[in-house]
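Colleague: Residue numbers for the sequence shown follow the numbering used here, so the first one is 890 and each next one is one higher.
C-beta atoms are modelled at their ideal positions from N, C-alpha and C, and glycine is treated no differently.
Here the structure is a predicted model, which means the values were calculated and not measured.
Let me begin by handing over the structure; questions about it come next.
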Amino acid sequence: MANSSAMATGHFLGDSGTFSNTIYTGYSSVPAGDTVVPFLENDTVLGDVDEHFNGDYLNEETILKMARAEGFSTAAIGKVGPTLLFDHNDRADKPARIRSWSTTQPAPRTAFPCPTR
């Protein structure tokens, strides 16, 4: 999660507060098992933490969110948790294409259309 937060925002780890795969939230996260130090590599837990911090627990804009705001089509493919960080506000109206999977299961065999030149 620390690497993803840095790549998603272009900021150092201290800017976003994500130093590991867990974060001290100061409240008990129910989806994480009622802990104040939830494991963030879970889209449901990440959504809960993000919602608690007014939709922006990173406190930084992400590159995919900025690109989408400028009218670009965006997509991110990767594992659960880190992939959602690239456009962590992409849970409600699904404007970006976020595809993630658990590392305990094989990657999906879904083909994504690529534009041709």
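1) For residue 896, tell me which candidate among 914, 915, 953 and 963 has the shortest Cα-Cα distance.
2) Check whether the region 919-939 and the region 949-963 touch, using three or more Cβ-Cβ pairs below 8 angstroms as the test.
3) Assuming residue 937 contacts residue 920 (C-beta within less than 8 angstroms), just tell me the rounded distance between them.
4) Does DSSP classify residue 1005 as helix, strand or coil?
5) Please go through the region 905-955 and give each complete alpha helix (DSSP H) segment of 4 or more residues, from N-terminal end onward.
6) Taking 6 angstroms as the limit between beta carbons, can you name the residues of its chain near residue 893, skipping five residues before and five after?
7) In terms of alpha-carbon separation, which member of 941, 956 and 898 lies closest to residue 912?
8) Assuming residue 931 contacts residue 969 under a Cβ cut-off of 8 angstroms, what Cβ separation, rounded to an integer in Å, is found between them?
9) Who are the Cβ neighbours of residue 908 in its own chain at under 7 angstroms, not counting the five residues just before and after it?
10) According to DSSP, simplified to helix, strand and coil, what is residue 967?
11) Report the three-state DSSP secondary structure of residue 960 (helix, strand or coil).
12) Report the three-state DSSP secondary structure of residue 899 (helix, strand or coil).
Modeller: Based on what the coordinates show:
1) Between residue 896 and the set 914, 915, 953 and 963, the nearest pair of CA atoms involves 953.
2) The region 919-939 is not in contact with the region 949-963.
3) Their Cβ separation, rounded to whole angstroms, is 5 angstroms, which keeps residue 937 and residue 920 in contact under 8 angstroms.
4) Because the pLDDT of residue 1005 is 46, which lies under 50, any placement of that residue in the model is unreliable, and the number read from its coordinates should be weighed accordingly. Three-state result, residue 1005: coil.
5) Here the runs fully enclosed are 932-941.
6) For residue 893, same chain residues with a beta-carbon under 6 angstroms away, outside a window of 5 residues either side, are 971 and 974 in chain order.
7) Nearest in C-alpha terms to residue 912, of all of 941, 956 and 898, is 941.
8) For a cut-off of 8 angstroms, the C-beta gap from residue 931 to residue 969 is around 6 angstroms, short enough to register as a contact.
9) Same-chain partners within the cutoff: 891 and 902.
10) DSSP places residue 967 in strand when its eight states are reduced to three.
11) Residue 960 falls in the coil class under three-state DSSP.
12) In this structure, residue 899 counts as coil in the three-state DSSP scheme.
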